[in-house]
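Visitor: Heads up, the sequence shown is in the working numbering, so the first residue is 10 and it goes up one at a time.
By construction, the Cβ of each residue, glycine as well, lies at the ideal position given by its N, Cα and C atoms.
The model shown is predicted, which means the values in this text are computed figures rather than measured ones.
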Amino acid sequence: MVSPAALARLAVVALAAAVLALAPAHAQRVVTVTTTTTVTTWTWEADDSDVAADDAAATRRYAPSGALAALGEAKARFGPFAVIDAATARMAGDVTSATPRQFATMLAAFPGLKRIEMVDCPGSLDEEANLILARAIRRAGLETEVPSGGSVRSGAVELWLAGVHRRAAPDAEFGVHSWIDEYGREARDYPASDPVHAEYLSYYREMGMDDAKARAFYALTNSTPFDDVRYLTRDDMARFVALN
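What follows is the structure in structure tokens.
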């Protein structure tokens, strides 16, 4: 039986990729950043009327360079992964139900891999598979890196968190938003005590966040509606997990 949390994201299959590939940079209605130089407050503004008309023409704030998007020369390809040398695989594309198996096949063929460069990763089309893959990355002891010009969004952020060491270029982007269930309900529509939240909080703690940071990061993602995206920077992510 699929868990409630998995069901919550199964409904994102087609829409998530489109939303996060064409997400409006200006439609950031949640101010959530605390860094060493800036302290702001979490807020929620419910009025979407000024955004809807512009969504069709909007583009992401950053886009990977042509060289990065092409993944360069590869020794072998396994779904969204391209092995570029004995230690490095690059990733571009969505996670599907087949991706954990493709990842396992890649590790068997290239047991010396040490890192995954996440070039342009929109998220997952199967949340259960995404979490399986994330935990496999952690068990394999791999590093995760978002290179210059790189972008990870939605469930791909969870993959980046799985790295035993995490790196990100100064211009790396991280796109987050709320999950949505098959009935159109988002995380904020469920009471805080609902078990649906536990799987995500447990995962963030598993990846090294203490309880307070896990709850803060979960609140951050869910304070942006599913059909929007909140872009975070390397420094924003460093509030929640250690970067190397």
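#1: How far does the alpha helix (DSSP H) with ARG228 in it reach, from first residue to last?
#2: If we ignore side chains and look at the alpha-carbon of each, how far apart do ARG86 and ARG175 end up?
#3: Would you list the residues sitting across from ILE189 in a DSSP beta bridge?
#4: Can you give me the Cβ contacts of ALA228 inside the same chain, cut-off strictly under 6 Å, excluding the 5 residues immediately before and after it?
#5: Quick one: which unbroken alpha helix (DSSP H) runs of 4-plus residues sit fully inside the region 136-165? Chain order, please.
#6: With GLU107 and ARG99 assumed to form a contact (beta carbons below 8 Å), what rounded beta-carbon distance in angstroms separates them?
#7: According to DSSP, simplified to helix, strand and coil, what is VAL205?
#8: Let me check understanding here. Comparing Cα to Cα, which of GLY102, SER187, LEU252 and GLU215 lies closest to ALA143?
#9: What residues are listed by DSSP as bridge partners for GLU182?
#10: Have a look at the DSSP bridge pairing and note the partners of TYR240.
#11: Could you give the distance in angstroms between the alpha-carbon of PRO131 and the alpha-carbon of GLU182?
#12: Alpha carbon to alpha carbon, what distance is there between ILE125 and ILE146?
#13: Within the chosen definition, does the region 205-223 reach the region 158-175 through at least 3 CB pairs nearer than 8 Å?
#14: Is it buried or exposed, PRO120, if we count other Cβ atoms within 10 angstroms and call 16 or more buried?
#15: Drop a sphere of 10 angstroms on the beta-carbon of GLU154, count the other beta-carbons inside from all chains shown, and report buried for 16 or more, exposed for fewer.
Guide: Once the coordinates are examined:
#1: Walking along the sequence shown from the start, residue 228 turns up at place 219. A quick correction: the sequence has Ala, not Arg, at residue 228. It spans 220-231 - the alpha helix (DSSP H) in which ALA228 sits, taken as one unbroken run.
#2: If you number the sequence shown from 1, residue 86 lands on position 77. If you number the sequence shown from 1, residue 175 lands on position 166. About 23 Å.
#3: The residue labelled residue 189 in the question sits at position 180 within the sequence shown. Beta-bridge pairing links ILE189 to GLU195.
#4: What you label residue 228 is simply residue 219 of the sequence shown in a count that begins at 1. Result list for ALA228: empty, nothing under 6 Å.
#5: Runs of the alpha helix (DSSP H) inside the region 136-165: 136-148.
#6: The residue you call residue 107 lines up with position 98 of the sequence shown. The residue you call residue 99 lines up with position 90 of the sequence shown. For clarity, residue 107 is Ala in the given sequence; the question names Glu instead. Wrong, their Cβ atoms sit about 18 Å apart, outside the cutoff.
#7: Within the sequence shown, residue 205 is the residue found at index 196, counting from 1. Per DSSP, reduced to three states, the secondary structure at VAL205 is helical.
#8: Counting from 1 along the sequence shown, the entry for residue 143 is found at position 134. Minimum Cα distance to ALA143 is reached at GLU215.
#9: Indexing the sequence shown from 1 puts residue 182 at position 173. SER160, per the DSSP bridge assignment.
#10: Looking up residue 240 in the sequence shown gives position 231. DSSP, once it has assigned bridges, lists GLY184 as partnering TYR240.
#11: As a working mapping, residue 131 is identified with position 122 in the sequence shown. As a working mapping, residue 182 is identified with position 173 in the sequence shown. Roughly 11 Å separates the two Cα atoms.
#12: Counted from its first residue, the sequence shown places residue 146 at position 137. Counted from its first residue, the sequence shown places residue 125 at position 116. When rounded, the distance between both Cα atoms is 9 Å.
#13: yes
#14: Counted from its first residue, the sequence shown places residue 120 at position 111. Flag for PRO120 reads exposed.
#15: As a first step, residue 154 is located in the sequence shown; it is residue number 145 there, counting from the start. Answer is buried; the Cβ neighbour count reaches 16.
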